[in-house]
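Engineer: Going down the list, the sequences are from chains D and Z.
All residue numbers for the first sequence refer to the working numbering, where the first residue is 1 and numbers rise by one.
All residue numbers for the second sequence refer to the working numbering, where the first residue is 1 and numbers rise by one.
C-beta: ideal position from N, C-alpha, C; glycine also.
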Amino acid sequence: MPLPDQTTSHPAPQPAGLPGGQPAVLFSKPSPVGLTLIISGRLDADGVAAVWDGAVRQAGSPGRSLTVEASGVDYCDVAGLALLAELRRRAGAASAQFQLTGLGERYRTLFEQFAPEGLPLPPGRAGKPSLPEEVGHKACILLDDIYSLIAFVGELALAVARAAANPARVRWGEAVHVAETAGANALPIIVLIGFLMGLIMAFQSAIPLKQFGAEIFVANLLGLSLLRELGPLVTAIILAGRSGSAFAAELGTMNVNEEISALKTMGLDPVRFLVVTRVLAAMAMTPLLTIFFNVAGLIGGAMVMLSLGYPLVSFVNQVKMSVTLGDLTGGLFKAMTFSLLVCAIGCQRGLCTRGGASSVGEATTSAVVSGIILIALADGVFAVVFYVMGW
Amino acid sequence: MDRPIIEVSGLTLGYGDVVVLQDVSFTVERGEVFVILGGSGCGKSTLLKHMIGLYPPMAGSVLIDGRDIVTAQGREFHAILRSFGVTYQSGALFGSLTLLENVCLPLEEFTRLPREAREAVARMKLGMVGLAGSEDKLPSELSGGMQKRAAIARAMALDPAILFLDEPQAGLDPITSAGLDELVLTLSASLGITFVIVSHELASIYAVAHRVIMLDPNTKGIIAEGAPAELRDRSDNPKVRQFFNREAQSPS
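(1) Under a CB-based cut-off of 9 Å, is Z:M124 close to chain D?
(2) What span of residues does the beta strand (DSSP E) with Z:V212 cover, start to end?
(3) Along chain D, in chain order, which residues have C-beta atoms closer than 8 Å to that of Z:D166?
(4) Here's the rule I'm using: 16 or more other beta-carbon atoms within 10 Å means buried, otherwise exposed. How should D:A249 be labelled?
(5) Interface residues of chain D around Z:S140 at Cβ under 7 Å?
(6) D:G350 and D:F273 look like a contact to me (Cβ under 8 Å); what is the Cβ gap, rounded to whole Å?
(7) Give the straight-line distance between the Cα atoms of D:F315 and D:M389, rounded to the nearest whole angstrom.
(8) Are three or more beta carbon pairs between the segment 59-72 of chain Z and the segment 234-249 of chain Z nearer than 8 Å?
(9) Is the Cβ of D:A79 closer than 9 Å to any Cβ of chain Z?
(10) Could you work out which residues of chain Z lie near D:W391, taking near to mean beta carbons separated by less than 8 Å?
(11) Decide if D:F98 is buried, meaning its Cβ has at least 16 other Cβ atoms within 10 Å, or exposed.
(12) Starting from the beta carbon of Z:S25, find every residue of chain D whose beta carbon is closer than 8 Å, and list them in chain order.
(13) In this structure, does DSSP put D:T101 in helix, strand or coil?
(14) Give me the subset of the segment 62-90 of chain D whose CB atoms are less than 8 Å from a CB atom of chain Z, sorted by chain position.
(15) So, for Z:M58: in the same chain, excluding its five sequence neighbours on each side, which residues have a beta-carbon less than 8 Å away from its beta-carbon?
(16) Quick check: what's the CA-CA separation for D:G72 versus D:I38?
(17) Using only the alpha-carbon positions, how far apart do D:A168 and D:R162 sit?
(18) In chain Z, what lies closer than 8 Å to D:L110 by C-beta?
(19) Can you find the residues in the same chain that come closer than 7 Å, C-beta to C-beta, to D:L393, ignoring five residues on each side of it along the sequence?
(20) Determine whether the Cβ of Z:A151 lies closer than 9 Å to any Cβ atom of chain D.
(21) Applying the criterion that 16 or more other CB atoms from any shown protein chain within 10 Å of the CB defines a buried residue, is Z:I162 buried or exposed?
(22) Compare the C-alpha of Z:A120 against each of D:L149, D:R88, D:P132, D:G346 and name the closest.
(23) Tell me whether D:T408 is buried or exposed, calling it buried when 16 or more other Cβ atoms sit within 10 Å of its Cβ.
(24) So is D:Q211 buried or exposed if we call it buried at 16+ other beta carbons inside 10 Å?
(25) Please list the terminal residues of the continuous alpha helix (DSSP H) segment that includes Z:V20.
(26) Going by DSSP in three states, D:A12 sits in which element: helix, strand or coil?
(27) Can you check whether the C-beta of Z:R241 is within less than 9 Å of a C-beta belonging to chain D?
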C-alpha cells in the first residue's frame, strides 16, 4: 500500500462547489476539416445544463473532425466530464475525429481515467412484454403464490400440532404480548364501531318498521344479524386492518433485516417461533372481541329503542326470545376461523417478503386484501354449511 | 490560507441526558481528506450525524463554509445541505429505484440538466465507482459492497464540495477497498473535494488520510490529532499507539 508523504503539505486545488466564475458558454465555428466547439466558463451542473443541448446537437454532425477547445474552462466537475464524454461518443458515432484541447491538466487526467472510449452506451430500454408473455408471467406468479400458501398451511398445521403435543415449547410470553397488542388494544375501536353499527342499523330499520307498527322487531333483526353475521365479520375485518397488516409489516421487516435467516440458521423454525404464537393469541382474543362488539351493538340498538319510547326490559326480552345460544356460539366459531385466516395470511405475506422497503409495503397491502377476501370466502362457506345443517 | 471549510467548535452532543462527546473542537481544511476514528462506540458516527445537521447538538456550532448548520433554517439550511453529500453505513439506497434512478434523483430535483444529460452524468458517476453496466439493477440485486459504492455515486451526484462517508470500507473486500481509497485520492486531488470519513480501517486510513482525529469514550473528547503515520510513531498516548499498531488492550 503506497503511503503518501504525510509531512509535505498537499497543494489545495481549486475547491469544488464554490460560488464565483462565469457559467459555461458555448461558441462554435466551422474549421477547414470539420467543427470547433469553444466552451468556456464553469462547467458544473448549471453550466452543463446551459450548453448541453446546443453542444450535443452540433456534435451530431461535425463533418470529418470535432475539436473541443476548452482553454476557457476554469472549473470542470463530473457533469462537465460527462458532457465531454458525450461529445466524444457522438463524434465517434458520426465517424469524426475527436480532439480535446486546452483542458486543464488536472481535469484532463480525470477525463482520460473515467471516460474511456468503452464507456457503456445507454442500453436500449427493455421492451414491454407482449400480452401472452405477461399473462403467462402473471399466471406463474399466481401458481407460485398458491404453492407457497399450501406449503405454509402445511407448515403451520404441523407447528400447531407440535405445539398442542408439547405446550411447554410455545413461547407463551410472546403470545400474551401479541394478545395484548392485537386483542386488548383493539377494544376501543371494536366497541366504538359496534356501538355505532347497532345504533345506525336500529335507527334505519326502525323507520320502515314503524309504518307497520312493528318497531319492536328491530330487536330481533339486531340480535340475529349481530350475533350470527356482523359481529364476527366486522371484528375480523378490523383484525385484518389492524393486526394482519401489522404482522405482515413486522415479519417482512424482520425478513429484510435477515432476522428470519438468523432464526433459521439457529435451527429455530420461524413458523413455530413467530407464527404459532401470533395465530394462537389472535384466535383466543377474537371471540372475546366479537362478544364486546355484539354487546356494544345491542347497547346502541337499545338506545334507539329507548328513544322510541320502549322500555329497556321489552327490548331485552325481545332479543332473548329471538336468539339462541347456538346463534352466539356459531358466530364465535366463525370469528375464530376468520382470525386464523387473517393472521396466517398476514404472517405468510410477511415471511414471503423479498427485497426492501417497497416489498414490505406490498406484503402489508397484500395481507389486508387477501385477509378480507378469505374472510368473505369463508363466510360464504359457513352460510351454505349452516343452511344445509339447519343451524 | 483560506478559511477552513468546516469549523466545529465547542460541540457537546449525546442522546437524551447521556453525553457522548464533550466540548469537541476541530477544523477541516479545503481539499483535505479528514478521518474521524476511534474504537467502536466512541461516538464517531454520532459526531458525523451532528456535523451534517441530522441531530441538534446540546451545545456548540458547526460552520460549513462559514455558515452554521446548527442554527440555520429554511432556505439557508437547504443551501448548506446542497454543499455536501453523505453516504450512510448501510448504503441507504432507495430500494424501489434502479441505481441509475438513484443517482439521477438529486440531479432531477436540483439541476436543470436535460434527461439525457442527467443519465450521462449518472452513468459516469457509477462508472467512477466501478459500477458501469449495473445501472439498471435494483439495489436488492447487488452485493453489499456494490451498494456502498452506488451510495457514494449518489452522494457525488451534485458534485458537492464535501463528502461525508460513514464507514465506507466496512464489509468491502481488500481490492474494492483499495479501489475506493484510490477514488478518494483522485477526487480530492483533481476536483478538490473535501472528504470527512468515519473509519477504523487502518490500511485505508494510512493510504488516504491527510489528517485524523481520534475520539475516546472515556474522556468524551479528542485524544489525538495529526497525520496517521506520525501518531503511530510519535504519540505519547499509549492508547493512540495501541490503536495504530493494532495491539490488543493491555491488562491494567
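Structural biologist: Short version:
(1) The count along the second sequence starts at 1 and reaches residue 124 of chain Z at position 124. Chain D, which has a Cβ nearer than 9 Å to the Cβ of Z:M124, makes this yes.
(2) On the second sequence, residue 212 of chain Z is found 212 positions in, with the first residue counted as 1. Element bounds for Z:V212: 211-216.
(3) As a working note, residue 166 of chain Z is residue 166 in the second sequence. Those within 8 Å of Z:D166 in chain D number zero; the least Cβ separation is about 18 Å.
(4) Here residue 249 of chain D corresponds to residue number 249 of the first sequence, with the count starting at 1. Buried.
(5) Against the second sequence, residue 140 of chain Z aligns to sequence position 140. Within chain D, the residues near Z:S140 are G355, G356.
(6) Here residue 350 of chain D is taken as the residue at index 350 of the first sequence, counted from 1. Here residue 273 of chain D is taken as the residue at index 273 of the first sequence, counted from 1. Contact between D:G350 and D:F273 is ruled out by a C-beta separation of about 13 Å, above the 8 Å threshold.
(7) Position 315 of the first sequence holds residue 315 of chain D. Position 389 of the first sequence holds residue 389 of chain D. Using only the alpha carbons, I get a separation of about 30 Å.
(8) no
(9) What you label residue 79 of chain D is simply residue 79 of the first sequence in a count that begins at 1. Interface residue, yes.
(10) Your numbering for residue 391 of chain D matches position 391 in the first sequence. None at all; the shortest Cβ gap to chain Z is about 49 Å.
(11) In the first sequence, counting from the first residue as 1, residue 98 of chain D sits at position 98. D:F98 is buried by the Cβ-count criterion.
(12) Here residue 25 of chain Z refers to the residue found at position 25 when the second sequence is read from its first residue. What Z:S25 touches in chain D: nothing, since even the nearest Cβ is about 22 Å away.
(13) For the purposes of this step, residue 101 of chain D is taken as the residue at position 101 of the first sequence. Here D:T101 sits in strand by DSSP.
(14) For the segment 62-90 of chain D, the beta-carbon criterion of a distance under 8 Å to any beta-carbon of chain Z is satisfied by D77, V78, A79, L81, A82, L83, A85, E86.
(15) As a position in the second sequence, residue 58 of chain Z is number 58, starting the count at 1. The residues are T12, L13, G14, V19.
(16) The sequence position of residue 72 of chain D within the first sequence is 72, counting from 1. The sequence position of residue 38 of chain D within the first sequence is 38, counting from 1. One C-alpha to the other measures close to 8 Å.
(17) Here residue 168 of chain D is taken as the residue at index 168 of the first sequence, counted from 1. Here residue 162 of chain D is taken as the residue at index 162 of the first sequence, counted from 1. Whole-angstrom Cα-Cα distance: 10 Å.
(18) Indexing the first sequence from 1 puts residue 110 of chain D at position 110. Here the neighbours are T186, S190, L191.
(19) Coverage of chain D is limited to positions 1 through 391, which leaves residue 393 of chain D absent and any answer about it impossible.
(20) Counting from one through the second sequence, the residue named residue 151 of chain Z turns up at place 151. No, no contact with chain D.
(21) Here residue 162 of chain Z refers to the residue found at position 162 when the second sequence is read from its first residue. Counting Cβ neighbours within 10 Å, Z:I162 comes out buried, since at least 16 surround it.
(22) Residue mapping note: residue 120 of chain Z aligns to position 120 of the second sequence, counting from 1. When each option's Cα is compared against that of Z:A120, the closest is D:R88.
(23) As displayed, chain D neither begins before 1 nor continues past 391, which places residue 408 of chain D out of reach and without an answer.
(24) Residue numbering aside, residue 211 of chain D sits at position 211 when the first sequence is read from its first letter. Counting Cβ neighbours within 10 Å, D:Q211 comes out exposed, since fewer than 16 surround it.
(25) By one-based count along the second sequence, residue 20 of chain Z stands at place 20. Segment 18-28 is the beta strand (DSSP E) holding Z:V20; no alpha helix (DSSP H) there.
(26) Your numbering for residue 12 of chain D matches position 12 in the first sequence. With a pLDDT of 39 at D:A12, under the threshold of 50, the modelled position of this residue cannot be trusted; read the value that follows with caution. Three-state result, D:A12: coil.
(27) Numbered from 1 along the second sequence, position 241 holds the residue referred to as residue 241 of chain Z. It does not: the Cβ of Z:R241 has no partner Cβ on chain D nearer than 9 Å.
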